[in-house]
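The block underneath contains the structure these notes are about, expressed in structure tokens.
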Amino acid sequence: MRSAPAALDKVRLGSSAIATFHTRCGNHLYVIGTTGIGFALYLPSDWIFHDQNVTFTQWARSDSSNTPWTLMFIQKNEIRTGGSGGVRRVWGTITSGVWNTFVVRIKNHNTEGIFEVWVNGVYGGRLTGDISPDGPAIRWSAGQYATYWRSNEPTGNNPLVTYMDHFRIATTREEADPNGWGTPAGALRIQAEVMSKTGYETNSFEGATCARATSGAVGNVRTTFARSSGTYAVSVRFMDENDGRATFTLRVNGTVVGSWTADADDHTWKTRTFIGVSIASGAEIRVEGARAGGEHARVDYIEVR
Ligand SMILES: [Ca+2]
Ligand SMILES: [Ca+2]
Ligand SMILES: [Ca+2]
């Protein structure tokens, strides 16, 4: 049985956005003068990754439905762009069964254009120069679009189901980033389930998608810090189960920031915060844990602000 994931939040326009937009034909947004476009994508856990492109969102000039278009698509487990606009690149990788978050920055210009992408909070890089679509504003379309299937039989699941949520247009990346929704302004929240894992696996528990330790050996979830170097507060949301006492350790580039044991045993999600943490751009942020009794050392997310 296939069940829809819980929606993350409602569609809303960032409070600082200078963009103006309206909807047309159900799924087109017109975006003027934006710097950040944010959205989230969910693939069902039984998604079959394959080598045909599955376009799920695209951008073009607002004043014409003609080309050029920039298409964003899934191919294998990669997020790529392509299409007649010439914005071609692999931007990152995703997994099924979790919400994957995106921020896309588009600056239209024939010679000084910018197109850059963050996938799950990780910077995927930048293309510059002649960035299409050109025109007075950007038309943003969401939903599956047949490109490969014009001339080929579709492969993968049948039906092929994708979910999108958390659409936002904003003037800063932080505000556009779905990871920041519901978090303090400027905070960066990275979900454990989309981090790299060793000895951990994605799990759903007590209302949260999280990562849990797979054994009594110490494992970890980890991510690369994509913001500028500085001093930050770091919070870890973890589950304190009632049938075990796991110990968690937060490390930045290998150095221990702090360690704690989930020994309240009241079976609730809790947040542990460390302040004054020096983090260099590009540093690895890691949370370690291991199963202890019936407690799986579950981590929901980390938040940096
Ligand atoms: Ca416990
Ligand atoms: Ca348990
Ligand atoms: Ca989570």
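All the letters of the sequence shown, read from the start, carry residue numbers 304 to 608 under this note's numbering. Ideal Cβ positions, reconstructed from N, Cα and C, are used throughout, including at glycine. Predicted, not measured: the structure shown is a model, and the values here were computed from it.
Alpha-carbon to alpha-carbon, His-412 and Thr-326:
Against the sequence shown, residue 326 aligns to sequence position 23. Against the sequence shown, residue 412 aligns to sequence position 109. Low local confidence applies: a pLDDT of 30 at Thr-326 is under 50, so the model's placement there is unreliable, with the coordinate-based value given in what follows. Using only the alpha carbons, I get a separation of about 24 Å.
Nearest to Asn-593 by alpha carbon, out of Gly-533, Ala-567, Arg-548 and Ser-581?
Mapped onto the sequence shown, residue 593 falls at position 290. It should be noted that the sequence gives Ala, not Asn, for residue 593. Among Gly-533, Ala-567, Arg-548 and Ser-581, the Cα nearest to that of Ala-593 is on Arg-548.
Are the segment 511-528 and the segment 373-387 touching, with three or more C-beta to C-beta distances below 8 Å?
no
Close-in-space but distant-in-sequence residues of the same chain around Asp-480 (CB under 8 Å, 5 per side omitted)
In the sequence shown, residue 480 corresponds to position 177, counting from 1. Contacts found: Gly-339, Gly-341, Thr-404, Val-406, Trp-421, Gly-424 and Leu-491.
Please classify Ala-322 as buried or exposed, where buried requires at least 16 neighbouring CB atoms within 10 angstroms.
Translated into positions along the sequence shown, residue 322 becomes position 19. For Ala-322, the predicted structure reports a pLDDT of 31, less than 50, and the residue's modelled location is therefore unreliable. The matter cannot be settled from this model.
Cβ pair count under 8 Å reaching 3, the segment 504-518 against the segment 426-433:
no
In chain order, what residues of the same chain have a beta carbon less than 6 Å from the beta carbon of Tyr-535, not counting five sequence neighbours either side?
Along the sequence shown, one-based indexing puts residue 535 at 232. For Tyr-535, where only same-chain residues beyond five positions count, the Cβ hits under 6 Å are Val-580, Ile-582 and Val-607.
CA-to-CA distance, Thr-373 to Ala-363, given in whole angstroms
The residue you call residue 363 lines up with position 60 of the sequence shown. The residue you call residue 373 lines up with position 70 of the sequence shown. Going by the C-alpha atoms only, they are around 6 Å apart.
6 Å CB neighbourhood of Phe-577 in its chain, flanking five on each side removed
Working through the sequence shown from its first residue, we reach residue 577 at position 274. Excluding sequence neighbours, Phe-577 sits near Val-537, Val-560 and Gly-561.
Beta carbon of His-353, beta carbon of Gly-446: below 7 Å?
For the purposes of this step, residue 353 is taken as residue 50 along the sequence shown, with counting starting at 1. For the purposes of this step, residue 446 is taken as residue 143 along the sequence shown, with counting starting at 1. Taking 7 Å as the Cβ cut-off, His-353 and Gly-446 do not qualify as a contacting pair.
Quick check: does the Cβ of Glu-544 come within less than 6 Å of any heavy atom belonging to ligand 2?
Counting from 1 along the sequence shown, the entry for residue 544 is found at position 241. Yes, the beta carbon of Glu-544 sits closer than 6 Å to at least one heavy atom of ligand 2.
Using the beta-carbon count (16 or more within 10 Å), is Asn-330 buried or exposed?
One-based indexing of the sequence shown puts residue 330 at position 27. Only weak support exists for where Asn-330 lies, its pLDDT of 40 falling under 50; the coordinates are left without a value.
Cβ of Met-542 within 7 Å of Cβ of Val-524?
The residue labelled residue 542 in the question sits at position 239 within the sequence shown. The residue labelled residue 524 in the question sits at position 221 within the sequence shown. Going by C-beta atoms, Met-542 is not nearer than 7 Å to Val-524.
What residue range does the alpha helix (DSSP H) around Ala-363 cover?
Taking the first residue of the sequence shown as 1, we reach residue 363 at position 60. Premise fails: Ala-363 lies in the beta strand (DSSP E), 357-364, not in any alpha helix (DSSP H).
Selected residue, minimal CA-CA separation from Tyr-604, among Tyr-426, Gly-502, Glu-496 and Gly-416:
Here the question's residue 604 lines up with position 301 in the sequence shown. Per the Cα distances, Glu-496.
Looking at the unbroken alpha helix (DSSP H) that takes in Glu-478, where does it start and where does it end?
For the purposes of this step, residue 478 is taken as residue 175 along the sequence shown, with counting starting at 1. Run containing Glu-478: 476-479, per the alpha helix (DSSP H) assignment.
Could you give the C-beta distance for Asn-545 and Asp-566, rounded to a whole number, given that I count them as a contact under 8 Å?
For the purposes of this step, residue 545 is taken as the residue at position 242 of the sequence shown. For the purposes of this step, residue 566 is taken as the residue at position 263 of the sequence shown. That belief does not hold up - the Cβ atoms of Asn-545 and Asp-566 are roughly 11 Å apart, past 8 Å.
If you run the structure through DSSP and keep just helix, strand and coil, what is Gly-596?
Here residue 596 corresponds to residue number 293 of the sequence shown, with the count starting at 1. Of the three classes helix, strand and coil, the one that applies to Gly-596 here is coil, per DSSP.
Closest to Gly-585 by CA distance: which of Gly-557, Thr-564, Val-602 and Lys-410 is it?
To locate residue 585, count along the sequence shown from 1; it is residue 282. Residue Gly-557 is the option with its Cα nearest to Gly-585.
Three-state secondary structure (DSSP) of Ala-586
What you label residue 586 is simply residue 283 of the sequence shown in a count that begins at 1. Looking at Ala-586 - three-state DSSP - the assignment turns out to be coil, as it is neither helix nor strand.
Given Arg-589 as reference, the closest of Trp-572, His-469 and Arg-540 once Cα atoms are compared:
On the sequence shown, residue 589 is found 286 positions in, with the first residue counted as 1. Residue Arg-540 is the option with its Cα nearest to Arg-589.
For Thr-637 and Leu-553, what's the separation of their Cα atoms in angstroms?
For residue 637 there is no data in the structure shown, the boundaries of the chain being 304 and 608.
Are the beta-carbon atoms belonging to Asn-356 and Tyr-448 less than 7 Å from one another?
Position 53 of the sequence shown holds residue 356. Position 145 of the sequence shown holds residue 448. In this structure, Tyr-448 does not lie closer than 7 Å to Asn-356 by Cβ.
Quick one: residues in its chain with C-beta nearer than 7 Å to the C-beta of Arg-391, no 5 flanking neighbours on either side, listed in chain order?
Counting from one through the sequence shown, the residue named residue 391 turns up at place 88. Answer for Arg-391: Thr-384 and Gly-385, listed in chain order.
Can you give the Cα-Cα distance for Val-602 and Phe-528, rounded to whole angstroms?
Locating residue 602 in the sequence shown gives position 299, where the first residue counts as 1. Locating residue 528 in the sequence shown gives position 225, where the first residue counts as 1. Using only the alpha carbons, I get a separation of about 18 Å.
Whose C-beta lies closer than 7 Å to the C-beta of Gly-597 among residues of the same chain, with five residues either side of it excluded?
Here residue 597 is taken as the residue at index 294 of the sequence shown, counted from 1. Excluding positions up to five away in sequence, the list reads Glu-544, Asp-546 and Gly-547.
Report the three-state DSSP secondary structure of Arg-453 (helix, strand or coil).
Counted from its first residue, the sequence shown places residue 453 at position 150. Arg-453: helix per DSSP, three-state reduction.
Based on DSSP bridge pairs, tell me the residues matched to Glu-606.
The residue labelled residue 606 in the question sits at position 303 within the sequence shown. For Glu-606, which the question treats as bridged, DSSP gives the partners Arg-492 and Ser-538.
Own chain partners of Gly-416 with C-beta closer than 7 Å, once the 5 adjacent residues on each side are dropped:
To locate residue 416, count along the sequence shown from 1; it is residue 113. So the list reads Lys-410, Thr-431, Gly-432, Asp-433 and Ile-434, once near-sequence residues are dropped.
Can you tell me whether Asn-482 is helix, strand or coil according to DSSP?
Position 179 of the sequence shown, counted from the first residue, corresponds to residue 482. Helix.
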